[in-house]
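J.: So the sequence shown is residues -19 to -1, 1 to 158, counted in mature numbering (1 follows the signal peptide of the UniProt record, and there is no 0).
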Amino acid sequence: MKYFIGMAVTLLLSTPVLAAGELEINQSPLTLVLSDQNQARVSSCADFIALRKAGETVDALPGLSDPDGRAAEAALFSCWLQAYTIDHTLFPSAAPKPTLAEVVQHFPASAAFIVSDDEKQDVAKNYVGKTIADYTPDLKARDDRLESAASASGYVLDEYYAFTDKQGHQLNIVALV
């Protein structure tokens, strides 16, 4: 049985401003705006995972430059992934990486890059049960990406992780950017 989790976040290797195992930028804890609009400060993966296990989700990372924001997102994702694989007793797998075409034919249209509320409503109303490929049918391969001239958008398969549990069930995580 295969499971896919899609991440539409940019995953980069942690930059020097993030200390190993810590969630600090320039020696300051990260400030997170949570889904209930409260703020929390985290300085370690343990802090972040405790928030997530308490049901909190992150809406924003305020006050960070673009590079620091991307590094913080990558570090938070890395914390989550490590905790998830430990909690679910998952082991790295050598499963082959799917092609970008396979991913956009699998992911729901709601995972497509959407830039306006009108577009979001259109997808919710007219593309239920459809894929990114259905929503953006003119996607054409160009180098390592799929691009749409009509919607001025494109996709790159940025990261891929594969895991297997003790029963042989496979979990594949992909990040589209």
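Glycine included, each C-beta is placed from N, C-alpha and C at the ideal position.
Between the alpha carbons of Lys111 and Asn7, how many angstroms are there, rounded?
T.: Whole-angstrom Cα-Cα distance: 43 angstroms.
J.: Can you give me the start and stop residues for the alpha helix (DSSP H) that Glu37 sits inside?
T.: Segment: none, Glu37 is in no alpha helix (DSSP H) and carries neither H nor E.
J.: So does the segment 138 to 145 actually touch the segment 64 to 80, counting three or more Cβ pairs closer than 8 angstroms?
T.: With a cut-off of 8 angstroms, the segment 64 to 80 and the segment 138 to 145 count as touching, because enough Cβ pairs lie within range.
J.: Hey, out of Thr12, Pro89 and Phe72, whose CA is closest to Phe29's CA?
T.: Nearest C-alpha to Phe29: Thr12.
J.: Mapping DSSP to helix, strand and coil, what is Ala131?
T.: Coil at Ala131, not helix or strand.
J.: How big is the Cα-Cα spacing for Ala92 and Asp99?
T.: If you take the alpha carbons of Ala92 and Asp99, they lie about 15 angstroms apart.
J.: Going by DSSP, name the residue or residues bridged to Arg123.
T.: Looking at the DSSP assignment, Arg123 forms a beta bridge with Arg126.
J.: Given that a residue counts as buried once 16 or more other Cβ atoms are within 10 Å of its Cβ, and exposed if not, what is Phe72?
T.: With fewer than 16 other Cβ atoms within 10 Å, it is exposed.
J.: Pull up the CB-CB distance for Leu81 and Leu138, whole angstroms please, since I reckon it's below 8 angstroms.
T.: About 5 angstroms separates the two Cβ atoms, so the contact holds.
J.: Could you compute how far the alpha carbon of Glu5 sits from the alpha carbon of Ala53?
T.: Straight-line Cα distance between these residues: approximately 8 angstroms.
J.: Drop a sphere of 10 angstroms on the beta-carbon of Ile154, count the other beta-carbons inside from all chains shown, and report buried for 16 or more, exposed for fewer.
T.: Its Cβ being crowded by 16 or more others within 10 Å, Ile154 is buried.
J.: Pro10 bridges to which residues according to DSSP?
T.: In DSSP, Pro10 forms a bridge with Glu5.
J.: What does DSSP give as the partner residues of Pro89 in its beta bridges?
T.: According to DSSP, Pro89 bridges with Thr112.
J.: Along the chain, where does the beta strand (DSSP E) that runs through Val155 open and close?
T.: First-last of the beta strand (DSSP E) with Val155: Gln151 to Leu157.
J.: If you count every other CB in all the chains shown that lies within 10 Å of the CB of Thr117, and 16 or more means buried, which is it?
T.: Burial call: buried.
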